[in-house]
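The structure appears below as structure tokens.
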Amino acid sequence: MSASFFDLSGKTAVVTGCNTGLGQGMALGLAAAGCNIVAVNRRAPEETQRRVEALGVGFLAVDADLASTAPIDDILAQAEARFGGADILVNNAGIIRRADSLEFTEQDWDEVLDVNLKSLFFLSQAFARACIDGQRRGKIINIASMLSFQGGIRVPSYTASKSGVLGLTRLMANEWAARGINVNAIAPGYMATNNTEALRHDPERSREILGRIPAGRWGGPEDLAGAAVFLASSASDYVHGHTLAVDGGWLAR
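Take 256 as the starting number for the sequence shown in our numbering and just add one per residue.
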């Protein structure tokens, strides 16, 4: 297999939630492979834009809140107007709410499911329709979680949503593989991001977590870049419905 299998020159990726953290790491990885980036965020992704443009590819920032499906048509319309359409969709945007299951509220349930599962599905649906109508091959990369495989504690709606992401990844692959669209997912392990800052600064919890990771370290946003490039490129053309754990071996322990 030659390096050209991983070349994304001339391709365009819509990446949701990429102003910081894991989404930024994947956007930078795709850009380094030659891919234009349509960055969908609630806040201006200034650092991501600077770093992507420094790699010599195109960048478009789209201001959108995926708490509802309302922005979906506009996201794809802007990608079409600027780059002639999108070839890759990375569904990274997500939120989490923490509380004991006995105290968990309907609002916290709905808010998480709306972003993490409902908008993910309908954005994927709109992207797939555009690819099929344009007779263009498409790649969808959903961001799952360790909690797609495990139950977790105090995050019932997050666990439900990420379990749903794994299931939807398989369903969409079943329906769309024959239409030229690959649907796969990445399940990040324990990553050094803003979301895990409290855990990393808790000596006891950090020690417990690191003790279960065979790699012996927290992951970083850059650790997802290669997986994203693989699933976005022609190297993965016969990979459908798979959820790739990038976890330092957490699930193997």
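Built from N, CA and C at the ideal position, the CB exists for glycine as well.
| Check | Outcome |
| --- | --- |
| If we ignore side chains and look at the alpha-carbon of each, how far apart do residue 264 and residue 393 end up? | 15 Å |
| Looking only at DSSP bridge pairs, what is residue 227 linked to? | Within the shown structure, residues of the chain are numbered from 256 to 508, placing residue 227 beyond reach of any answer. |
| Take residue 347 and list the residues in its own chain whose beta-carbon comes closer than 7 Å to its own, dropping the five residues that flank it on each side. | 270, 271, 272, 273, 277, 278, 281 and 398 |
| For residue 332, collect the residues of the same chain with a Cβ closer than 8 Å to its Cβ; drop the 5 residues on either side in sequence, then sort them by chain order. | none |
| Please tell me whether residue 304 and residue 294 are closer than 8 Å, where the distance is taken between their beta carbons. | yes |
| Determine whether the beta carbon atoms of residue 383 and residue 441 lie at a separation below 8 Å. | no |
| Buried or exposed: residue 448, going by 16 or more other Cβ atoms within 10 Å of its Cβ? | buried |
| Might you give, ordered along the chain, the residues of its own chain that have their beta carbon closer than 8 Å to the beta carbon of residue 406, omitting 5 neighbours on each side? | 414 |
| Measuring only the C-alpha atoms, how far is residue 490 from residue 386? | 19 Å |
| Mind checking who residue 553 pairs with in its DSSP beta bridge? | For residue 553 there is no data in the structure shown, the boundaries of the chain being 256 and 508. |
| The alpha helix (DSSP H) spanning residue 484 covers which residue range? | 480-487 |
| On the CB-based measure, 16 or more other CB atoms within 10 Å of its CB, does residue 256 come out buried or exposed? | Residue confidence is low: residue 256 scores 49 on pLDDT, short of 50, so the model does not pin down where it sits. No coordinate-derived value is stated. |
| Taking only the alpha-carbon atoms, compute the straight-line gap between residue 431 and residue 298 and give it to the nearest angstrom. | 32 Å |
| I need the DSSP call for residue 439, collapsed to helix, strand or coil. | strand |
| For residue 500, report the span of its beta strand (DSSP E) as first-last. | 498-501 |
| Contact defined as beta carbons within less than 8 Å: I believe residue 300 pairs with residue 288. What is the distance between those atoms, to the nearest angstrom? | Not a contact, Cβ separation roughly 19 Å. |
| Starting from the C-beta of residue 469, find all residues in its chain whose C-beta is less than 7 Å away, skip the five residues before and the five after it, and write them out in chain order. | 503, 504, 507 and 508 |
| Could you check what DSSP says for residue 407 in three-state terms: helix, strand or coil? | coil |
| Just tell me which of 480, 498, 488 and 379 has its CA closest to the CA of residue 260. | 488 |
| Measuring alpha carbon to alpha carbon, tell me which residue in 286, 325 and 378 is nearest residue 308. | 286 |
| Within 10 angstroms of the Cβ of residue 339, are there 16 or more other Cβ atoms? Answer buried if so, exposed if not. | exposed |
| Straight-line CA distance for residue 323 to residue 365? | 11 Å |
| Strictly by DSSP, which residues pair up with residue 281? | Answer is none; residue 281 lacks a bridge partner. |
| In this structure, how does DSSP classify residue 450 when only helix, strand and coil are distinguished? | helix |
| For the region 418-425 against the region 357-375, are there 3 or more C-beta pairs whose distance is under 8 Å? | yes |
| Hey, could you find the ends of the alpha helix (DSSP H) residue 474 is sitting in? | Premise fails: residue 474 is in no alpha helix (DSSP H) and is neither H nor E. |
| Please state whether DSSP places residue 291 in a helix, a strand or coil. | strand |
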